[in-house]
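Asks: First the structure, which I've put down as structure tokens, then a few questions once you've had a look.
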Amino acid sequence: MSSASTKPTRPLPVAAAAGVGKGTLFYAFGDRTGLVRALYEARLEPLANAVEAGPPPLGPATAPLQRIPALLDALLCFKLDNRRLAPALEEPGSASPYRTEQYTRWHGLLQAMLEQIPDLVDRDFIAHALLAATRADLVEHLAGQESVPRERMREQLANFTARVLGSRLVAE
1 MSSASTKPTR PLPVAAAAGV GKGTLFYAFG DRTGLVRALY EARLEPLANA VEAGPPPLGP
61 ATAPLQRIPA LLDALLCFKL DNRRLAPALE EPGSASPYRT EQYTRWHGLL QAMLEQIPDL
121 VDRDFIAHAL LAATRADLVE HLAGQESVPR ERMREQLANF TARVLGSRLV AE
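Heads up: the sequence shown begins at 1 in full-length UniProt numbering, then just goes up one per residue.
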């Protein structure tokens, strides 16, 4: 699968690449969405591990004001690197992206980090708003239709995060 392509993912080529039949894929994963979700989760695992137990800036020992932008940047880069997979999980007929295990994980983590920032209000909403800036459909629109370069998107996300968190965030 080419991660930069946004052509629909088809089970038959995936089955052929895996050396199994199409039926085996559906037996193992239930449907196309299940297959895409499994591949997405496998690719996401290194990022999740870095966030759960890794070193700074993603790891838990990092102060929230440094960790939040690092996490959002890592999520954006992950979505850019997996442009073909991420939107498939948000297509019509898929479960709401807000009900996925990944969304719940990232929202909970962001909210917990935001709770550590004094005098910050509406932490739950802020966590949702920050994650919205990394939605697959937005990333695809910016990268694909508007041809925004990767580094420019990363810069825009960092600036947005700094504005949302106010003057508490010091640009490096």
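Backbone N, C-alpha and C fix where the C-beta goes; we use that ideal spot for every residue, glycine too.
Being a predicted model, the structure only gives us computed values, none of them experimental.
For R105, name the three-state secondary structure that DSSP assigns.
Replies: Stepping through the sequence shown from its first residue, residue 105 is reached at position 105. The answer is helix: DSSP assigns R105 an H, G or I state.
Asks: Would you mind stating whether A143 and R83 have Cβ atoms separated by less than 8 Å?
Replies: Sequence index remark: in the sequence shown, residue 143 carries index 143 (1-based). Sequence index remark: in the sequence shown, residue 83 carries index 83 (1-based). Yes, the pair counts as a contact, with Cβ atoms nearer than the cut-off.
Asks: Report yes if the C-beta distance between Q116 and D124 is below 8 Å; otherwise report no.
Replies: Position 116 of the sequence shown, counted from the first residue, corresponds to residue 116. Position 124 of the sequence shown, counted from the first residue, corresponds to residue 124. Taking 8 Å as the Cβ cut-off, Q116 and D124 do not qualify as a contacting pair.
Asks: How many Å lie between A132 and D81 at the Cα?
Replies: Your numbering for residue 132 matches position 132 in the sequence shown. Your numbering for residue 81 matches position 81 in the sequence shown. When rounded, the distance between both Cα atoms is 18 Å.
Asks: Would you say A70 and L58 are within 8 Å of each other, going by their C-beta atoms?
Replies: Your numbering for residue 70 matches position 70 in the sequence shown. Your numbering for residue 58 matches position 58 in the sequence shown. A contact, by the Cβ cut-off of 8 Å.
Asks: Closer than 8 Å by C-beta to L138: which residues in its own chain qualify, once you throw out the five before and the five after it? Chain order, please.
Replies: As a position in the sequence shown, residue 138 is number 138, starting the count at 1. Answer for L138: A132, listed in chain order.
Asks: Give the C-beta separation of E140 and P60 to the nearest angstrom, bearing in mind that I take them to be a contact with Cβ-Cβ under 8 Å.
Replies: In the sequence shown, the residue the question calls residue 140 occupies position 140. In the sequence shown, the residue the question calls residue 60 occupies position 60. With a Cβ gap of about 31 Å, E140 and P60 do not count as contacting.
Asks: Within 10 Å of its beta-carbon, does A53 have 16 or more other beta-carbons around it, so buried, or fewer, so exposed?
Replies: Mapped onto the sequence shown, residue 53 falls at position 53. The residue in question, A53, is exposed, as its Cβ has fewer than 16 Cβ neighbours within 10 Å.
Asks: Take R135 as the anchor and find which of L65, R37, Y103 has the nearest alpha-carbon.
Replies: Residue numbering aside, residue 135 sits at position 135 when the sequence shown is read from its first letter. The shortest Cα separation from R135 among L65, R37, Y103 belongs to Y103.
Asks: M113 to A42, Cα distance in whole Å?
Replies: Locating residue 113 in the sequence shown gives position 113, where the first residue counts as 1. Locating residue 42 in the sequence shown gives position 42, where the first residue counts as 1. Going by the C-alpha atoms only, they are around 25 Å apart.
Asks: Using beta-carbon positions only, say whether L76 and T161 come within less than 8 Å of one another.
Replies: Translated into positions along the sequence shown, residue 76 becomes position 76. Translated into positions along the sequence shown, residue 161 becomes position 161. Not in contact: L76 and T161 (Cβ atoms no closer than 8 Å).
Asks: Mapping the DSSP letters down to three states, classify D73 as helix, strand or coil.
Replies: As a position in the sequence shown, residue 73 is number 73, starting the count at 1. Of the three classes helix, strand and coil, the one that applies to D73 here is helix, per DSSP.
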